[in-house]
Every structure is written in structure tokens, then in C-alpha cells.
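J.:
2 protein chains.
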Amino acid sequence: MSKTTASDALRGSGRVSAETKARVLAAAAALGYVPNGSARHLRRASTGTIGLHVPEVLTRSVYYMAFVFGVVQGAADNDYDVTLITSGRRTPRVDGLVLGDPMADDPLVARLMSAGLPTVTCERFPGAGQADGVVLSQHAETVGALMDHLSASGASRPALIVAGDASDWAAAVHGGFRDWCARHGMEPQVRTVPFDAPADEVRRAARELLALRPEIDALVCGPAGAAAGIGPLLREEGRTPGRDLLLASCVDSQAMQLADPPITSIDLRPREAGVRCAELLFDLLAGRARPGAERVHPIELIVRDSTRRA
Amino acid sequence: MSKTTASDALRGSGRVSAETKARVLAAAAALGYVPNGSARHLRRASTGTIGLHVPEVLTRSVYYMAFVFGVVQGAADNDYDVTLITSGRRTPRVDGLVLGDPMADDPLVARLMSAGLPTVTCERFPGAGQADGVVLSQHAETVGALMDHLSASGASRPALIVAGDASDWAAAVHGGFRDWCARHGMEPQVRTVPFDAPADEVRRAARELLALRPEIDALVCGPAGAAAGIGPLLREEGRTPGRDLLLASCVDSQAMQLADPPITSIDLRPREAGVRCAELLFDLLAGRARPGAERVHPIELIVRDSTRRA
DNA sequence: CTGTGGTGCCGGAACGTTCCGGCATGTCGG
DNA sequence: CCGACATGCCGGAACGTTCCGGCACCACAG
Chain B
76 MSKTTASDAL RGSGRVSAET KARVLAAAAA LGYVPNGSAR HLRRASTGTI GLHVPEVLTR
136 SVYYMAFVFG VVQGAADNDY DVTLITSGRR TPRVDGLVLG DPMADDPLVA RLMSAGLPTV
196 TCERFPGAGQ ADGVVLSQHA ETVGALMDHL SASGASRPAL IVAGDASDWA AAVHGGFRDW
256 CARHGMEPQV RTVPFDAPAD EVRRAARELL ALRPEIDALV CGPAGAAAGI GPLLREEGRT
316 PGRDLLLASC VDSQAMQLAD PPITSIDLRP REAGVRCAEL LFDLLAGRAR PGAERVHPIE
376 LIVRDSTRRA
Chain L
76 MSKTTASDAL RGSGRVSAET KARVLAAAAA LGYVPNGSAR HLRRASTGTI GLHVPEVLTR
136 SVYYMAFVFG VVQGAADNDY DVTLITSGRR TPRVDGLVLG DPMADDPLVA RLMSAGLPTV
196 TCERFPGAGQ ADGVVLSQHA ETVGALMDHL SASGASRPAL IVAGDASDWA AAVHGGFRDW
256 CARHGMEPQV RTVPFDAPAD EVRRAARELL ALRPEIDALV CGPAGAAAGI GPLLREEGRT
316 PGRDLLLASC VDSQAMQLAD PPITSIDLRP REAGVRCAEL LFDLLAGRAR PGAERVHPIE
376 LIVRDSTRRA
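Residue numbers (our numbering), protein chains in the order written: chain B, 76 to 385; chain L, 76 to 385.
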């Protein structure tokens with residue numbers, strides 16, 4: 076019984092008789108044999124691991140956490156591990172990278188994008204160069220659908236609070252809003268805040284916007300979770316969210332469901348997005364997809380009382 | 076120039092003259108040499124990686140996301156990678172494990188706890204056996220402090236909504252509440268919900284509790300984020316949170332800050348907790364800590380308007 | 001009987017690093 | 001001048017796996 080035969084039997088490669096194979100498997104099980112990953116990876120010149128980076132923005136944490144779990148699931152399905160990459164560390168030894176919402180001004184993202192590794196981004200990279208694979212959603216179109224809905228509910232002076240254009244997602248939301256307004260002959264009111272703006276900053280932005288333009292009758296919030304803080308603000312100012320001012324969020328979360336009234340928002344299906352990113356990366360690694368591949372990940376508008384004007 | 080000399084120079088081990096060392100470093104930098112992790116780990120019989128598991132509960136996502144980033148930071152400081160472990164995968168090849176809030180009834184946690192790897196848990200494992208290291212916080216005591224504060228604000232009929240005792244944290248909150256009530260001669264009103272209860276379930280629990288016991292004048296919420304959904308509920312029922320019913324949460328988050336009124340809560344400092352878990356694990360791996368070590372991680376009560384009865 | 005091809009198994013080399021022991025050379029005290 | 005010891009460098013083995021080529025055997029056609 077040579078190591079070669081054992082190896083072949085365990086991996087199902089080479090030429091091994093059924094009987095020998097059964098004996099090897101039985102022995103391996105009895106001895107509790109576990110192949111040594113380092114040795115295997117050394118020999119195969121692969122690491123069995125992919126790297127994952129997401130912006131370290133706690134205000135979007137529900138979204139990113141679900142995304143991370145999705146990537147891990149997709150990797151596990153392909154017998155791969157996932158290691159998290161945060162700033163500081165030297166470029167890690169991985170076979171490929173998944174970058175969630177890569178931001179143009181993130182130096183770590185820039186380094187990872189130019190590391191020469193097969194890379195998939197969730198949303199396009201707004202900086203120089205493009206990843207080998209991109210999973211993207213139709214944010215602009217869905218914001219358009221949201222606007223159609225707000226318009227149907229009677230809004231004619233919509234405003235948007237959105238993160239600056241450092242992320243592709245924010246840019247798409249921004250662009251979708253402006254396009255829709257242009258197509259419908261409405262003047263777009265837009266206020267930008269930092270990507271990681273804490274909610275009270277968003278709240279302050281909303282207050283200023285409404286003071287400046289009291290005629291606004293619908294407010295769309297980009298930053299996740301922030302819309303939840305706006306209802307109370309509106310009431311303070313004597314407005315009734317859902318009646319004289321429609322309120323919507325571009326990122327669904329439990330907070331939107333729980334707000335008073337519950338807030339219409341866009342469900343980005345982050346977990347599925349993560350799975351799709353991993354799948355695309357493995358398709359690239361296996362040659363099943365060509366560099367430059369783009370895949371669309373569906374998202375969904377969820378209408379709630381905050382825009383029903385019931 | 077032999078490989079041995081190069082290796083010694085790069086790692087600072089062995090006997091190498093300063094001049095040779097400088098030449099080696101220069102050459103390595105010029106060639107862009109990166110040591111091969113698989114080969115190194117094969118030789119050293121270590122993986123350079125620790126595994127991290129957290130309950131896959133999106134309602135606590137802000138907490139766990141911060142915790143995860145903390146662990147990654149602590150690992151990076153020790154030149155280690157972190158791979159995420161979720162169900163399904165065979166026991167991964169790692170040098171140690173960090174388990175966040177291990178639950179007694181999680182089969183994956185049971186498997187990991189008995190994998191024979193150096194293990195650190197954040198909070199004790201409520202099942203059989205104990206990890207080699209535990210990072211824990213004084214939840215019961217802090218809940219006591221919260222109760223002192225509620226009592227000082229005039230509450231005399233407190234109630235608690237908390238997850239069942241599957242997690243050590245929930246058990247500590249529960250126990251701390253009951254102890255305080257016993258010490259102060261008050262009847263403890265407790266309602267338990269599942270650990271991963273969605274917020275509307277918590278809301279329903281609160282509604283039933285208040286219908287059953289209208290005399291309740293202070294409500295403490297265990298599940299993260301859930302308290303935010305309770306304010307609107309109270310208003311619906313004609314109560315005013317912060318005045319005729321004090322409201323507090325055992326887990327701080329942005330939602331607590333943003334709620335109307337802002338909700339008094341306990342800041343669990345999850346990121347620091349993650350860093351401490353990683354540190355303890357590396358101390359164990361390096362023999363700087365003995366198996367059985369326990370370290371206390373400080374948490375903090377944050378008082379806001381929901382309990383000020385201003 | 002010979003050549004051809006398939007099957008089952010195996011030995012040895014290779015992946016890139018680290019570690020052990022050893023060989024020169026130099027220094028210094030006796 | 002000789003032994004003892006330190007310094008600088010190196011060769012070879014080892015970690016556990018996978019892969020390439022080869023050997024022995026058998027079946028079968030010509």
C-alpha cells in the first residue's frame with residue numbers, strides 16, 4: 076500500500092481497483108485521517124482560501140453582515156475558506172478576492188485591485204481599472220420604480236439624501252434619481268452626506284433640507300438605517316410621515332420594518348449577492364467565466380405605509 | 076548565498092552578519108519576494124489562521140459585525156488570518172478558535188468545542204465543557220446598575236423581555252434582573268422570547284405583557300434593536316415612553332441613539348471584546364496564559380432620555 | 001508466439017520553507 | 001603554539017501531499 080495509491084483512492088483520481096479503494100477509505104475513516112491543507116496547497120500551488128473585504132462601516136452593518144455570510148456560504152459550497160481582509164495587513168495569500176462595495180478612495184481597495192489576483196466586486200469599482208468579475212444590481216432603475224411609486228402616491232417635490240459618489244451604489248442611486256426627475260420635469264433636490272455618516276448627521280441634513288425647501292413632499296434616504304431616525308424628526312417639525320411627507324429608504328432593514336410608520340424601501344438581498352459574488356469568483360478561477368464578466372443580481376422594492384398616504 | 080542564509084536574514088534568526096542581512100533584504104525587496112505561506116505552515120505545523128464563529132442572527136448584526144472586526148484586528152496584530160466558520164463545513168484547519176456567544180443548542184458550536192483546538196469564547200459556553208479561555212463581561216452587575224438607575228428614576232414595577240437561557244449573556248441578564256428584584260423586594264416580571272426573535276415578535280411580547288400587567292412602569296429589553304420598535308407601540312397604547320413608562324435596552328446600537336426618545340442602554344463595546352478574545356487566544360497559543368483563563372471585558376451603562384423622566 | 005493496449009499499483013521527485021548539524025575562519029587566553 | 005569558543009555561512013533533510021513515469025500482469029488480435 077503506497078502513499079500514491081492511498082492518495083489516489085482518497086481523491087478518486089488515478090487507477091485504483093474498487094476493492095483497494097474501499098480498503099483505503101475504511102482505513103482512513105478508522106484512523107481519523109485528515110489531509111494536511113498546507114501540504115496540499117503547497118503542492119497544488121493554491122491556498123484554498125479567498126479574501127473578502129467590505130467597507131468597515133457599522134451603519135451598514137446589517138447589509139454587510141448578510142453579505143459576508145453569503146460569501147462564506149458560496150465559498151463553502153466550493154470547499155473554500157474565506158478570510159477577512161481589513162486594513163493594515165500585507166496582501167494576504169489567497170486565490171482570489173471578493174470586494175463588497177469597493178470605494179474609490181479606499182487605499183486598501185486600491186492595493187487589492189492591483190494585487191493581480193482574480194477579483195470580483197459587488198457593484199463596479201468607481202476608481203481606475205475594473206475587476207475580473209462584477210456582480211451588480213439595477214439600482215438606478217429600481218430608484219426609478221420607487222420614484223414612479225412616490226409620484227403615483229401624489230408626490231411632486233421629491234428630495235434625496237445620498238452618500239457622495241465614492242461608491243458605485245451611491246452614484247447609481249444619485250444618477251437614477253436625477254434621471255427620473257429630468258424625465259418627469261421635476262427639479263431634483265439632492266443633499267449628499269459622507270458614506271459612513273452617522274444617523275444624526277443624516278438627520279441634520281434632512282432638517283436643513285426641509286428648512287430650506289419646505290415644499291418638499293417626498294424624501295428618499297440613501298444611507299442604511301438613517302431613514303428610521305427621520306420619522307421622529309418630522310413629527311418634531313409638525314409633519315406627518317406617510318401623509319404630508321412620503322418617506323423611503325434605499326436600503327431595507329429591520330429598522331425600516333419597525334419604524335413608525337414602516338418605511339418603504341429597497342430590499343438589496345445582500346446574502347444572495349454574497350453567494351453570487353463567490354460563485355462568479357469560482358467560475359472565473361475554474362475558467363467557466365471569462366474576465367470582464369458581469370452578472371445582474373435582482374433587488375426589490377418593498378412598499379410600506381410610509382408612502383401609501385393611506 | 077544559500078537559501079538558509081536568506082531565510083535566516085529575512086526572519087532575523089540564526090547567525091547572519093549585518094552586511095549580508097542588508098543585501099538579502101534589498102534583494103528580496105527588489106524581486107518582490109513574498110514567502111509562501113503554505114510551505115511555511117507545512118514546515119512549522121501551524122496554519123497561521125484562527126477560526127471565528129458567531130451566531131448567524133441578523134438582528135444582532137451590528138454587535139457581531141463589530142465583534143468580528145475586533146477579532147480580525149487582534150489577529151492581524153499577531154500576523155494571523157481569520158476565517159469565518161459557518162455550518163456545513165468540515166472542521167477547518169486552523170490553530171485556534173474564537174466563538175462569539177456560543178449557544179448551548181448550536182450543534183456546530185458543540186462540534187467546535189470538542190474539536191480539541193485551543194478555544195476562546197466570548198461569554199461562557201452554557202453547554203457541557205468549557206473553553207480554554209473565556210472573555211466575559213459583568214452583565215448581571217450592569218443590569219443591576221441599570222435597575223438602580225430605573226429605580227432612582229421612580230420605577231417600582233419593572234419588567235424584562237429577554238432571550239431564553241441558551242446563551243450565557245441572556246442567562247446573565249435574566250439572572251441579574253431577578254436578583255436585583257429579589258434584593259429590592261420587587262416581583263420580577265419576565266417574558267422570554269427566542270434568541271433570534273424578529274422585532275415584531277418582541278413587540279408582540281411587549282404588548283401582551285403590558286396588557287396583562289398594566290401597572291408595569293419600566294421595561295428592559297434584552298434583544299438588540301428590539302427596544303427601538305417599542306416606542307411606537309407604547310404611543311399607540313396611549314403611553315409615553317420616558318415618562319409613564321421607562322424604557323431601556325441591554326444592547327446599545329445606533330437605533331437606540333436614534334429612537335424617539337433615545338433609549339438608555341448598555342454599551343457592550345463589541346469591537347474591544349473581539350480584540351480581547353483574539354489576544355487571549357494568542358496568549359494561550361504562546362503559553363502566556365494558562366487553560367482556564369478568564370478575562371473581564373468592561374461594559375458601560377449609557378443613560379438617555381427614555382429613562383430620565385425629564 | 002508476438003505485439004499492442006489496458007489495468008493496478010508504485011517509487012521518486014517536487015512544491016518552498018525551516019531546522020539541525022557541521023565546516024571554515026577568526027580571536028583569545030593559557 | 002595549541003585548545004576553546006564564537007561567528008558566519010551552508011548542505012541536507014524534513015514537513016505531507018500530488019504528479020509523472022514506469023513496472024508487472026493480463027487479455028486479445030494478428
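Every residue, glycine too, gets a C-beta built ideally from N, C-alpha and C.
Which residues, in chain order, does the stretch 144-158 of chain B contribute to contact with chain L at a C-beta distance below 7 Å?
T.: Those would be Phe-144, Val-147, Gln-148, Ala-151, Asp-156, Val-157, Thr-158, in chain order.
J.: Please compile the residues from chain B whose C-beta is within a distance smaller than 8 Å of the C-beta of L:Tyr-139.
T.: Walking along the second sequence from the start, residue 139 of chain L turns up at place 64. By Cβ distance, chain B contributes Met-140.
J.: Taking Cβ positions, are L:Leu-321 and L:Ala-301 nearer each other than 7 Å?
T.: The sequence position of residue 321 of chain L within the second sequence is 246, counting from 1. The sequence position of residue 301 of chain L within the second sequence is 226, counting from 1. Contact: no.
J.: Below 8 Å CB to CB, which residues in the same chain sit around B:Gln-148 once its five sequence neighbours on both sides are set aside?
T.: Here residue 148 of chain B corresponds to residue number 73 of the first sequence, with the count starting at 1. Here the set comprises Arg-346, Gly-349, Val-350, Ala-353.
J.: List the residues of chain L that B:His-128 touches, going by C-beta distances under 8 Å, in chain order.
T.: Along the first sequence, one-based indexing puts residue 128 of chain B at 53. Correct list: empty, because the minimum Cβ distance to chain L is about 11 Å.
J.: Am I right that B:His-214 and B:Gly-251 are in contact with their C-beta atoms under 8 Å? What's the rounded C-beta distance?
T.: In the first sequence, the residue the question calls residue 214 of chain B occupies position 139. In the first sequence, the residue the question calls residue 251 of chain B occupies position 176. B:His-214 to B:Gly-251, Cβ: 6 Å. Contact.
J.: For L:Arg-278, name the three-state secondary structure that DSSP assigns.
T.: For the purposes of this step, residue 278 of chain L is identified with residue 203 of the second sequence, where counting begins at 1. Reduced to three states, the DSSP call for L:Arg-278 is helix.
J.: Quick check on B:Met-331: does DSSP put it in helix, strand or coil?
T.: The sequence position of residue 331 of chain B within the first sequence is 256, counting from 1. It is helical.
J.: Around the Cβ of B:Ser-88, are there at least 16 other Cβ atoms within 10 angstroms (buried) or fewer (exposed)?
T.: By 1-based counting over the first sequence, the position of residue 88 of chain B is 13. By the 10 Å Cβ count, B:Ser-88 comes out exposed.
J.: Residues of chain B with CB under 8 Å from L:Thr-122, in chain order?
T.: Position 47 of the second sequence, counted from the start, is the residue given in the question as residue 122 of chain L. Those are Gly-112, Ser-113, listed as they occur along chain B.
J.: Are B:Leu-343 and L:Leu-117 closer than 7 Å when you measure CB to CB?
T.: As a working note, residue 343 of chain B is residue 268 in the first sequence. As a working note, residue 117 of chain L is residue 42 in the second sequence. No. Outside cutoff.
J.: Given this structure, state the Cα-to-Cα distance separating L:Ala-238 from L:Gly-297, to the nearest angstrom.
T.: Your numbering for residue 238 of chain L matches position 163 in the second sequence. Your numbering for residue 297 of chain L matches position 222 in the second sequence. Their Cα atoms are separated by approximately 7 Å.
J.: Name the chain B residues that come within less than 7 Å of L:Arg-168, Cβ to Cβ?
T.: To locate residue 168 of chain L, count along the second sequence from 1; it is residue 93. What L:Arg-168 touches in chain B: Gly-112.
J.: Just reading off the beta strand (DSSP E) that B:His-128 is part of, what are its end residues?
T.: Locating residue 128 of chain B in the first sequence gives position 53, where the first residue counts as 1. From DSSP, the beta strand (DSSP E) with B:His-128 extends over 124-128.
J.: Is the Cβ of B:Asp-335 closer than 7 Å to any Cβ of chain L?
T.: Taking the first residue of the first sequence as 1, we reach residue 335 of chain B at position 260. Interface residue, yes.
J.: May I ask which residues mark the beginning and end of the beta strand (DSSP E) holding B:Pro-233?
T.: As a first step, residue 233 of chain B must be located in the first sequence, where it is residue number 158. Per DSSP, B:Pro-233 belongs to the beta strand (DSSP E) from 233-238.
J.: May I ask which residues mark the beginning and end of the beta strand (DSSP E) holding L:Asp-156?
T.: As a first step, residue 156 of chain L is located in the second sequence; it is residue number 81 there, counting from the start. From DSSP, the beta strand (DSSP E) with L:Asp-156 extends over 156-159.
J.: Which residue's Cα is closest to the Cα of L:Ala-334: L:Gly-304, L:Ile-341, L:Gly-219?
T.: Stepping through the second sequence from its first residue, residue 334 of chain L is reached at position 259. Of the candidates L:Gly-304, L:Ile-341, L:Gly-219, the one whose C-alpha sits nearest the C-alpha of L:Ala-334 is L:Gly-304.
J.: I'd like to know whether the C-beta atoms of B:Leu-159 and L:Val-157 end up nearer to each other than 7 Å.
T.: Taking the first sequence and counting its residues from 1, the one referred to as residue 159 of chain B is at position 84. Taking the second sequence and counting its residues from 1, the one referred to as residue 157 of chain L is at position 82. Yes, the pair counts as a contact, with Cβ atoms nearer than the cut-off.
J.: Please report the residue range of the beta strand (DSSP E) in which B:Glu-347 lies.
T.: Walking along the first sequence from the start, residue 347 of chain B turns up at place 272. Premise fails: B:Glu-347 lies in the alpha helix (DSSP H), 345-360, not in any beta strand (DSSP E).
J.: For B:Gln-213 and chain L, any beta-carbon pair shorter than 7 Å?
T.: Translated into positions along the first sequence, residue 213 of chain B becomes position 138. No, B:Gln-213 lies away from the interface with chain L (no Cβ there is under 7 Å from its Cβ).
J.: So, helix, strand or coil for B:Thr-80, using DSSP?
T.: Taking the first residue of the first sequence as position 1, residue 80 of chain B is located at position 5. Here B:Thr-80 sits in helix by DSSP.
J.: With a cut-off of 7 Å, does the C-beta of B:Leu-343 fall near any C-beta of chain L?
T.: In the first sequence, the residue the question calls residue 343 of chain B occupies position 268. Output row for B:Leu-343: interface = no.
J.: Taking only runs that begin and end inside the stretch 191-253 of chain L, name each unbroken alpha helix (DSSP H) of 4 or more residues, in chain order.
T.: Qualifying alpha helix (DSSP H) stretches, in chain order: 214-227.
J.: Output yes if chain B places a C-beta closer than 7 Å to the C-beta of L:Leu-461; else output no.
T.: Any answer about residue 461 of chain L is impossible in this case: the structure gives chain L only from 76 up to 385.
J.: Consult DSSP for L:Val-109 and reduce its assignment to one of helix, strand or coil.
T.: In the second sequence, residue 109 of chain L corresponds to position 34, counting from 1. Residue state, collapsed to three classes: coil.
J.: Could you tell me whether the Cβ of L:Pro-307 comes closer than 7 Å to any Cβ of chain B?
T.: Looking up residue 307 of chain L in the second sequence gives position 232. Yes, its Cβ sits closer than 7 Å to a Cβ of chain B.
J.: Alpha carbon to alpha carbon, how far is B:Thr-382 from B:Ala-230?
T.: On the first sequence, position 307 is the one that residue 382 of chain B refers to. On the first sequence, position 155 is the one that residue 230 of chain B refers to. Cα-Cα distance, rounded: 9 Å.
J.: Nearest CA to the CA of L:Pro-337: which residue from L:Arg-279, L:Gly-367, L:Gly-306?
T.: Sequence index remark: in the second sequence, residue 337 of chain L carries index 262 (1-based). Taking only the C-alpha atoms, the option nearest L:Pro-337 is L:Gly-306.
J.: How would you write the range of the alpha helix (DSSP H) that L:Ile-341 sits in, first residue to last?
T.: Numbered from its first residue, the second sequence carries residue 341 of chain L at position 266. Careful: L:Ile-341 lies outside any alpha helix (DSSP H), inside the beta strand (DSSP E) at 339-342.
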